[in-house]
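Protein chains: 2
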Amino acid sequence: MYVTGHNRPTVTGHTMPAPAALKENSDRSPSVSIRDVAREAGVSYQTVSRVINQSPSVKSSTRETVLDAIARLGFRPNRAARALAGGPVQSVTVLASNTSLYGFAAALEGIEEATREVGFGMAVRVVESIGPDDVRDAVEHALEPAGAVIVIAFDRPGVAALECVPFDVPAAAMIPAPTEKEVPRRPSVWIDEYAAAMDATRYLLGLGHETVHHLSIPTWTGTTRRMSGWLAALKEARVPPPKPMHGGWSAEWGYEAGEKLARDLKVTAVLCGNDDIALGAMRAMHEAGRAVPADVSIVGFDDVPFARFYTPALTTVRQDFKALGRACFATLMSFVDPARAARGLELPEARLVVRESAGPPPGAPRGSSQRRGAPSLAGKRKRATAQRP
Amino acid sequence: MYVTGHNRPTVTGHTMPAPAALKENSDRSPSVSIRDVAREAGVSYQTVSRVINQSPSVKSSTRETVLDAIARLGFRPNRAARALAGGPVQSVTVLASNTSLYGFAAALEGIEEATREVGFGMAVRVVESIGPDDVRDAVEHALEPAGAVIVIAFDRPGVAALECVPFDVPAAAMIPAPTEKEVPRRPSVWIDEYAAAMDATRYLLGLGHETVHHLSIPTWTGTTRRMSGWLAALKEARVPPPKPMHGGWSAEWGYEAGEKLARDLKVTAVLCGNDDIALGAMRAMHEAGRAVPADVSIVGFDDVPFARFYTPALTTVRQDFKALGRACFATLMSFVDPARAARGLELPEARLVVRESAGPPPGAPRGSSQRRGAPSLAGKRKRATAQRP
DNA sequence: CTGAAAGCGCTTACAG
DNA sequence: CTGAAAGCGCTTACAG
Numbered sequence: 351m352y353v354t355g356h357n358r359p360t361v362t363g364h365t366m367p368a369p370a371a372l373k374e375n376s377d378r379s380p381s382v383s384i385r386d387v388a389r390e391a392g393v394s395y396q397t398v399s400r401v402i403n404q405s406p407s408v409k410s411s412t413r414e415t416v417l418d419a420i421a422r423l424g425f426r427p428n429r430a431a432r433a434l435a436g437g438p439v440q441s442v443t444v445l446a447s448n449t450s451l452y453g454f455a456a457a458l459e460g461i462e463e464a465t466r467e468v469g470f471g472m473a474v475r476v477v478e479s480i481g482p483d484d485v486r487d488a489v490e491h492a493l494e495p496a497g498a499v500i501v502i503a504f505d506r507p508g509v510a511a512l513e514c515v516p517f518d519v520p521a522a523a524m525i526p527a528p529t530e531k532e533v534p535r536r537p538s539v540w541i542d543e544y545a546a547a548m549d550a551t552r553y554l555l556g557l558g559h560e561t562v563h564h565l566s567i568p569t570w571t572g573t574t575r576r577m578s579g580w581l582a583a584l585k586e587a588r589v590p591p592p593k594p595m596h597g598g599w600s601a602e603w604g605y606e607a608g609e610k611l612a613r614d615l616k617v618t619a620v621l622c623g624n625d626d627i628a629l630g631a632m633r634a635m636h637e638a639g640r641a642v643p644a645d646v647s648i649v650g651f652d653d654v655p656f657a658r659f660y661t662p663a664l665t666t667v668r669q670d671f672k673a674l675g676r677a678c679f680a681t682l683m684s685f686v687d688p689a690r691a692a693r694g695l696e697l698p699e700a701r702l703v704v705r706e707s708a709g710p711p712p713g714a715p716r717g718s719s720q721r722r723g724a725p726s727l728a729g730k731r732k733r734a735t736a737q738r739p
Numbered sequence: 351m352y353v354t355g356h357n358r359p360t361v362t363g364h365t366m367p368a369p370a371a372l373k374e375n376s377d378r379s380p381s382v383s384i385r386d387v388a389r390e391a392g393v394s395y396q397t398v399s400r401v402i403n404q405s406p407s408v409k410s411s412t413r414e415t416v417l418d419a420i421a422r423l424g425f426r427p428n429r430a431a432r433a434l435a436g437g438p439v440q441s442v443t444v445l446a447s448n449t450s451l452y453g454f455a456a457a458l459e460g461i462e463e464a465t466r467e468v469g470f471g472m473a474v475r476v477v478e479s480i481g482p483d484d485v486r487d488a489v490e491h492a493l494e495p496a497g498a499v500i501v502i503a504f505d506r507p508g509v510a511a512l513e514c515v516p517f518d519v520p521a522a523a524m525i526p527a528p529t530e531k532e533v534p535r536r537p538s539v540w541i542d543e544y545a546a547a548m549d550a551t552r553y554l555l556g557l558g559h560e561t562v563h564h565l566s567i568p569t570w571t572g573t574t575r576r577m578s579g580w581l582a583a584l585k586e587a588r589v590p591p592p593k594p595m596h597g598g599w600s601a602e603w604g605y606e607a608g609e610k611l612a613r614d615l616k617v618t619a620v621l622c623g624n625d626d627i628a629l630g631a632m633r634a635m636h637e638a639g640r641a642v643p644a645d646v647s648i649v650g651f652d653d654v655p656f657a658r659f660y661t662p663a664l665t666t667v668r669q670d671f672k673a674l675g676r677a678c679f680a681t682l683m684s685f686v687d688p689a690r691a692a693r694g695l696e697l698p699e700a701r702l703v704v705r706e707s708a709g710p711p712p713g714a715p716r717g718s719s720q721r722r723g724a725p726s727l728a729g730k731r732k733r734a735t736a737q738r739p
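For the record, the sequence lines run as chains G and L. With positions in the first sequence counted from 1, the corresponding number in the numbering used here is that position plus 350. With positions in the second sequence counted from 1, the corresponding number in the numbering used here is that position plus 350.
Next comes the structure, spelled out in structure tokens:
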């Protein structure tokens, strides 16, 4: 009895309005060209071109006249023509393996905003991890209409895509923080989560936990900056590091890993590679009858928008992927159109946000919970500049 | 002591590789044109054009020769030129007020997949709700490189954007399910959640709740199909409907609304307009000391990927926005390129997914919990076709 | 089935 | 400061 039964199609198509209706609604002819504007303004079409390209060498009175004509006619330049005629780059194609996971989606938002502000278009192409050929295909396909490329290279497919972008195409990438000696081969931006991961681990240790386990995000270099920070904090406290686990980015994987960890009663604190993993791990703990944070503390990474609404609210490390997206576009612009590139961008650092999912270990003596003191949570910002060495 | 202190810039830019390096990595000259291919293949460039456009009127041996030359030279057609020369539409611009909220992001994913499959490009432009002029601006801006437009018109800014799309531009929209008499003015797709909302409400009533409250998503028509379904189930049970609340889409708003509801001890069941609102409401209940589902039952809408990992796992109504995105692109294609449009698309219906966040009201007599029987949860699918009446 | 023409709407040089 | 030329890489007709 609870089953739906519509009489209406769930997907419908309606015929396009009749041509007559079309005319009424468009207040200008489909194609007003610069020649039309030129005629209207009584100048040559080259002058119109100069005006729309903000050329400084146009008398201001002429400019006014042209601008008026443009407004009257509702003219807007044709991007295809501009691109074809060798005009400046006006669009970016973003290559990513995913567009809905938090980090990716937020980065995309940042890029979109930044492109919009300077009148760029933004195309998006998902690159799946089928194989090198497919990646190359995807890249080439994506490049066609685009002037420039941004690759979200947080994961394997992303990195593969980045490597397939021909070097004659202006490109910038968002990458995992490289280690000290690594030098990205492309203009790149990243958030270095080393210090924040160290903070988070110290915080857990400070709460009285014997050790801290780590559920890592996937890595193809065998390590991540998050992992290094975790390791460093453990080393600092002379605690032998437990073997980190890794295998996926998702809550599903976090759940599976959490199930394993839940069986070991000595596990009382887990630093997760991202909030999705943390959510899955919390769920697994709950199902195993291990209360969070009473029995086991969970700390995430990223601070997804919903983290503060979880129960318990998730203690996590905040990262500003949106700002990172903007920064990436800015560094791309510094090559493509230096004059218009954003300068002195502020990229907030990753920082620990303490909420409810971590606490003292079970049976910890009262007072040991602040053994090493609580971390400072004041928003620390650092001025970072997209620079060209 | 927990404060970060990097020595490395968080944002870096690296110089572009030297021209020499560029050459090495690009296995073809930057611009191989159809004329180059024609020369290589020993045919005229028109023939090349025919081959890349899958014209049937090319001798297959000629086609082979040309395809060979294309592969050898690494030729790929220039989209700008194709568009300018009046070639067929090859790209879509998606207009949306948001790209990261679940429904929007999932729809975008579906559109992207569908475009990729047919070799279309996809641009994305966020339309902010600043004012009609800005929307029109955004639309016109977005249209430039694009051949066609898809508007995600779930909310006000989306609807405003849709209305600004000139009728001479092929466009399709994803809209809230219209009421019986409404006739969308554009080719549109939607999910009708009436029946599922009714199911959910009946389910709650069946659990023994006196009534069901509703935290609605924003609406500009005063109602939604979700609300109608909720109302219908209440009416069916002869329960006078409590006044629905609305004000936002977010967990923040759900939290605020939940705080108010938590004060009223007679509130034992809440149907939320989406899962974010539900998450916020659950959190508010938790903070108010009202256990979910022991004291109050919460049901969401959408089934976001994390709903099953929440604690309690969220009982909600699943909607397939990704499929909706694909369907929308398919209906657009049926106008733009009927031959290549996907047919007989399957769009899963919205359906209730029972998990843990709803249960009998506090103090309910044992056995009343199934008063009206449990809903069938079997996946019901319905064949829906993108049709042109 | 294939070739020669004209042109899409712009932008760069190049002239004055 | 402004105008006349050539051409970006393709696609449509139109011819044969």
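From the three backbone atoms N, C-alpha and C, an ideal C-beta is built for every residue, glycine too.
As summarised for the stretch 586-670 of chain L, the continuous alpha helix (DSSP H) elements at least 4 residues long and confined to that stretch are 601-613, 625-637, given in chain order. If you check the CB distance, THR551/G and VAL539/G do not come in under 8 Å. If you look at ILE502/L, you'll find it in the beta strand (DSSP E) that goes 498-502. Listed in chain order, the non-local C-beta contacts of PHE671/G below 6 Å within the same chain comprise GLY453, ALA456, ALA457, local neighbours out to five positions each way being set aside.
When rounded, the separation of the alpha-carbon atoms in ILE500/G and CYS678/G is 8 Å. According to the DSSP assignment, GLY460/L belongs to the alpha helix (DSSP H) that extends over 452-467.
The beta-carbon of GLY572/G is placed no less than 8 Å from the nearest beta-carbon of chain L.
Within the same chain, and ignoring the five residues on either side of ARG536/G in sequence, the residues whose Cβ sits closer than 7 Å to its Cβ are LEU512, ALA521, ALA522, ALA523. Closer than 8 Å to the CB of ALA430/G there is at least one CB belonging to chain L. Annotated three-state conformation of LEU695/G is coil, per DSSP. When 7 Å is used as the limit between beta carbons, SER450/G is near these residues of chain L: ALA455, ALA456, GLU459, in chain order. For ARG701/G, the enclosing beta strand (DSSP E) stretches over residues 701-703. PHE656/G reaches chain L at ALA601, ASP626, LEU629, PHE656, counting residues in chain order whose Cβ is nearer than 8 Å. Setting aside the 5 residues that flank it on each side, GLY604/G is surrounded in the same chain by LEU565, CYS622, ASP626, ILE627, ALA628, LEU629, GLY630, ALA631, each with a C-beta closer than 7 Å to its C-beta; the list follows chain order.
DSSP places ARG475/L in the strand class (E or B) of the three-state scheme. The beta carbon of GLY471/L falls within 8 Å of a beta carbon belonging to chain G, placing the residue at that interface.
Not flagged as an interface residue toward chain L: VAL468/G, since no C-beta distance is shorter than 8 Å. Per DSSP, reduced to three states, the secondary structure at ALA523/G is strand. Neighbours of LEU434/G across chain L, judged by C-beta separation under 8 Å: ASN428, ALA430, ALA431, LEU434.
The beta carbon of ARG640/G is closer than 6 Å to those of ALA612, VAL646 in its chain, skipping five residues each way along the sequence. Fewer than three pairs of CB atoms, one per stretch, sit closer than 8 Å, so the stretch 652-660 of chain L makes no contact with the stretch 426-443 of chain L.
Interface flag for GLU462/G against chain L is set, since a Cβ pair is found closer than 8 Å. Boundaries for THR449/G: no beta strand (DSSP E) harbours it, and the DSSP string shows neither H nor E there. DSSP places THR571/G in the coil class of the three-state scheme, outside both helix and strand. When 7 Å is used as the limit between beta carbons, ARG705/G is near no residue of chain L, the shortest such separation being about 11 Å. Here the alpha carbon of ALA433/G sits roughly 26 Å from the alpha carbon of SER405/L.
For LEU565/G, no alpha helix (DSSP H) encloses it; the enclosing beta strand (DSSP E) starts and ends at 563-566. Only those residues of the stretch 412-424 of chain G whose C-beta falls short of 9 Å from the nearest C-beta of chain L are listed: GLY424. For MET577/G, the closest Cβ of chain L is not nearer than 8 Å. Judged by DSSP secondary structure, GLN396/L falls within the alpha helix (DSSP H) whose first and last residues are 395-402. As the crow flies, the alpha-carbon of GLU463/G is around 16 Å from that of LEU451/L.
In this structure, ALA619/G keeps its C-beta atom at 8 Å or more from the C-beta atom of TRP580/G. Under the three-state reduction of DSSP output, LEU423/L falls in the helix class. ALA430/G sits away from MET472/L, with the two beta carbons spaced by 8 Å or more. The residue from GLU459/G, TRP570/G, VAL444/G with its alpha-carbon nearest to that of THR529/G is TRP570/G.
DSSP, reduced to helix, strand and coil, places VAL444/L within a strand of the structure shown.
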